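Have a look at the structure below before the remarks.
2 protein chains.
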Amino acid sequence: MAIVQCVPNFSEGRDLDKIEKIVAPLRGKEGVKLLNYEADKDYNRVVVTVIGEPKAVKNAVLEAIGVAKEVIDMNTHKGQHSRFGATDVCPFIPIKDMTMDEAVELAKEIGEEVSKLYDIPVFLYESAASKPERENLAKVRKGEYEGLDAKFEDPNWAPDFGLAKKHPTAGAIAIGARKPLIAYNINLDTPNIEIASNIAKTIRQSSGGYRFIKAGPVEIPERGITQVTMNLTDYTKTAMYRAFEAVKMEARRYGVNVMGSEIVGLCPMEALVDCASYYLGLENFSLDKVLETSLME
Amino acid sequence: MAIVQCVPNFSEGRDLDKIEKIVAPLRGKEGVKLLNYEADKDYNRVVVTVIGEPKAVKNAVLEAIGVAKEVIDMNTHKGQHSRFGATDVCPFIPIKDMTMDEAVELAKEIGEEVSKLYDIPVFLYESAASKPERENLAKVRKGEYEGLDAKFEDPNWAPDFGLAKKHPTAGAIAIGARKPLIAYNINLDTPNIEIASNIAKTIRQSSGGYRFIKAGPVEIPERGITQVTMNLTDYTKTAMYRAFEAVKMEARRYGVNVMGSEIVGLCPMEALVDCASYYLGLENFSLDKVLETSLME
Chain A
1 MAIVQCVPNF
11 SEGRDLDKIE
21 KIVAPLRGKE
31 GVKLLNYEAD
41 KDYNRVVVTV
51 IGEPKAVKNA
61 VLEAIGVAKE
71 VIDMNTHKGQ
81 HSRFGATDVC
91 PFIPIKDMTM
101 DEAVELAKEI
111 GEEVSKLYDI
121 PVFLYESAAS
131 KPERENLAKV
141 RKGEYEGLDA
151 KFEDPNWAPD
161 FGLAKKHPTA
171 GAIAIGARKP
181 LIAYNINLDT
191 PNIEIASNIA
201 KTIRQSSGGY
211 RFIKAGPVEI
221 PERGITQVTM
231 NLTDYTKTAM
241 YRAFEAVKME
251 ARRYGVNVMG
261 SEIVGLCPME
271 ALVDCASYYL
281 GLENFSLDKV
291 LETSLME
Chain B
1001 MAIVQCVPNF
1011 SEGRDLDKIE
1021 KIVAPLRGKE
1031 GVKLLNYEAD
1041 KDYNRVVVTV
1051 IGEPKAVKNA
1061 VLEAIGVAKE
1071 VIDMNTHKGQ
1081 HSRFGATDVC
1091 PFIPIKDMTM
1101 DEAVELAKEI
1111 GEEVSKLYDI
1121 PVFLYESAAS
1131 KPERENLAKV
1141 RKGEYEGLDA
1151 KFEDPNWAPD
1161 FGLAKKHPTA
1171 GAIAIGARKP
1181 LIAYNINLDT
1191 PNIEIASNIA
1201 KTIRQSSGGY
1211 RFIKAGPVEI
1221 PERGITQVTM
1231 NLTDYTKTAM
1241 YRAFEAVKME
1251 ARRYGVNVMG
1261 SEIVGLCPME
1271 ALVDCASYYL
1281 GLENFSLDKV
1291 LETSLME
């Protein structure tokens, strides 16, 4: 049986009532399991993880996108994270008995439905992108919600589904298909965003760093600190501990300390076990020696 | 449905044919899942982990104990690990919908059957012990196989089941019920067993160390190193990383380095995730954020 994971990000991280309304359609549906949702106040964003049978997941997420359109007004939205829509991104990740092409197909199906049902313009990204310059989410979202009117004046940025016109409160949405990633942030004990930015540059692929790290700086004003925020796009090749140690190593240059880190959304067990294995120097260890909690249920 | 884990240790770690014969009864049985078996040449011992429905696990393990009696001759057995029988220990661990009392009952049932079917004297240990001085496995096994004749001359050491007489090739067996533990060894880059012994003393409860660590020294002559070998008897209270860092800290005193470590048998996922969480300084992390491999199957 095919299993897909979907990780929609909604632009609401503070109002718990609204968040509950958005995730409600993902609960109690046959073939859909809501695994996790995690709101971030600074980002003013909630990251939701569902898993299940492809059609069932698609239909449930479609409903949630509809609710987000009703309860979120992008004209008043403020947060530390880039965003251009009420449902900002919606990636599908093939997990089992499913090819990337099939995940792309699912992304296109829901994209067409979102544009028709909700009048929200849809961009396809990553593996679902219609042209190479749309593969990178950061480029698709560049200009954010406030820049959408200008973006749509450029014929190169016509949406993949819907009219070249932002939804007046829900903006636009990026729907894609991709491999699993880990959203990973490392906290620095400095309020200086330039330091976070310089460190991000040294570790990310685009400016000479590790192949499977995307990174940027974020301010966390309420704690007086900054963050290197990352996507680890292939943790089997660029491990989480490597990102962590690389940031620590670069931070030394500025007399700055790494205070800790955080994982946003879910993290595959094997990525965490790999970190334990690295730090404990485990010999002869393999994943089949891990007694998973769900095996005991 | 009740689930029990059983971790029998057999005194054969070198002859793969014999090991396969011993684990064969644990395969393909309704209600029994063979999770792992791991042979150690230096220890000349194999640690097997099965999980499943209590009666089914008991019957399958009973068969395996019978095979071990046939294929292992303790009179020619040599290895770095203490042992007094062909099946040396056989602990039952209640995992789900099962009390410790029920695990004790299971241990007693199989104990009686082992003595009757195979003429092997049985000692009950840990939670199944018939008197306090039999709770500690090390005390039960003291004198090892070679000391069994002398042990049985002492009326205080009459077995819990069977006659006070060792089986001529299979010795004796310790059967018990206990909480989950992690068998964890840390490798030191010294051949000096006294250093390993001194470090073991500093970290184990019995001589002033951590509450839930049992530890001792082991020589690994083929690698020219030594090991601090441990049982972490409650990893939720004495974490794996704490044992590792404590050994590193003590080793410095001797100019000795920790080369790495190893887990024998299975390790609960949460113990490894806790280590990753410690070393990465994860904030706001909890087990429900781990995407387990078996959820994706």
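Heads up: the sequence lines are chains A and B, in that order. All residue numbers for the first sequence refer to my numbering, where the first residue is 1 and numbers rise by one. All residue numbers for the second sequence refer to my numbering, where the first residue is 1001 and numbers rise by one. Virtual Cβ for every residue (Gly too), placed ideally from N, Cα, C. Quick caveat: nothing in here was measured; it's all calculated off a predicted structure.
Counting only the Cα atoms, Asn44 of chain A lies some 14 angstroms from Val71 of chain A. Judged by DSSP in its simplified three-state form, Leu1181 of chain B adopts coil rather than helix or strand. Three or more Cβ pairs closer than 8 angstroms define a contact, and the region 1185-1193 of chain B meets that threshold against the region 1223-1230 of chain B.
For Ile263 of chain A, the residues of chain B that pass the 8 angstroms Cβ criterion are Leu1282, Phe1285 and Lys1289, in the order they occur in the chain. Pairwise C-beta distances place the region 1046-1056 of chain B out of contact with the region 263-276 of chain A, as fewer than three of them are shorter than 8 angstroms. Taken in chain order, the unbroken stretches of beta strand (DSSP E) that lie wholly in the region 1069-1112 of chain B and span 3 residues or more are 1087-1096. Remark: C-beta atoms of Ile1120 of chain B and Gly1085 of chain B approach each other more closely than 8 angstroms. Per the coordinates, the alpha-carbon of Asn1136 of chain B lies some 57 angstroms from the alpha-carbon of Val89 of chain A. The residue from B:Arg1014, B:Ala1064, B:Val1061 and B:Val1032 with its alpha-carbon nearest to that of Asp1042 of chain B is B:Arg1014. Here the region 1154-1163 of chain B makes no contact with the region 1196-1209 of chain B; the two share fewer than three CB pairs at distances below 8 angstroms. About 4 angstroms separates the beta carbons of Ala1177 of chain B and Ala1103 of chain B, which is inside the 8 angstroms limit, making them a contact pair. When secondary structure is reduced to three states using DSSP, Val50 of chain A falls in the strand class. The beta carbon of Phe212 of chain A is closer than 8 angstroms to those of Gln205, Leu232, Thr233, Asp234, Tyr235, Lys237 and Thr238 in its chain, skipping five residues each way along the sequence.
Neighbours of Val7 of chain A in chain B, taken as residues at a C-beta separation under 8 angstroms, are lacking, since the least C-beta distance is about 11 angstroms. For Glu1126 of chain B, the beta-bridge partners assigned by DSSP are B:Ala1177. For Asn1036 of chain B, at least one C-beta of chain A is nearer than 8 angstroms to its own C-beta.
Under the 8 angstroms criterion on CB atoms, Leu272 of chain A is classed as interfacial with respect to chain B. Between Thr49 of chain A and Leu62 of chain A, the CB-CB gap reaches or exceeds 8 angstroms. Around the C-beta of Gly171 of chain A, 16 or more other C-beta atoms lie within 10 Å, and the residue is accordingly described as buried. With respect to the 8 angstroms criterion, Leu1124 of chain B and Lys1108 of chain B are classified as neighbours on the basis of their beta carbons. Ranked by Cα distance from Asp1274 of chain B, the options B:Arg1253, B:Met1240 and B:Gln1005 are led by B:Met1240. By the rule that beta-carbons nearer than 8 angstroms mark a contact, Met1240 of chain B touches chain A. For the region 201-225 of chain A, there are no residues whose beta carbon sits under 7 angstroms from a beta carbon of chain B. By the CB criterion at 8 angstroms, Val1140 of chain B and Ala1174 of chain B fall inside the cutoff.
Spanning the alpha carbons of Ile203 of chain A and Ala243 of chain A requires a straight line of approximately 7 angstroms. Of all residues in the region 1072-1102 of chain B, only Ile1095 and Lys1096 come within less than 7 angstroms of chain A when Cβ atoms are compared, listed by chain position. Rounded to the nearest whole angstrom, the C-alpha separation of Leu1291 of chain B and Pro8 of chain A is 16 angstroms.
Straight-line measurement puts the Cα of Pro1217 of chain B at about 22 angstroms from the Cα of Glu1126 of chain B. Assignment of Leu280 of chain A by DSSP, reduced to helix, strand and coil, places it in the helix class.
Asp1040 of chain B: member of the beta strand (DSSP E) spanning Val1032 to Asp1040, first to last residue. Residues of the region 148-171 of chain A with a C-beta less than 8 angstroms from any C-beta of chain B: none at all.
B:Tyr1037 is the residue among B:Ala1024, B:Ile1003, B:Tyr1037 and B:Lys1029 whose C-alpha sits nearest the C-alpha of Lys289 of chain A. Looking at the DSSP output, Leu1232 of chain B shares a beta bridge with B:Ile1182 and B:Ile1213. Contacts between Tyr1279 of chain B and chain A, judged by CB atoms closer than 9 angstroms, involve Tyr241, Phe244, Cys275, Ala276, Tyr278, Tyr279 and Leu280 in chain order. Per DSSP, Glu262 of chain A lies in no alpha helix (DSSP H); the unbroken beta strand (DSSP E) holding it starts and ends at Val258 to Val264.
Taking CB atoms only, Pro1268 of chain B has a neighbour in chain A less than 8 angstroms away.
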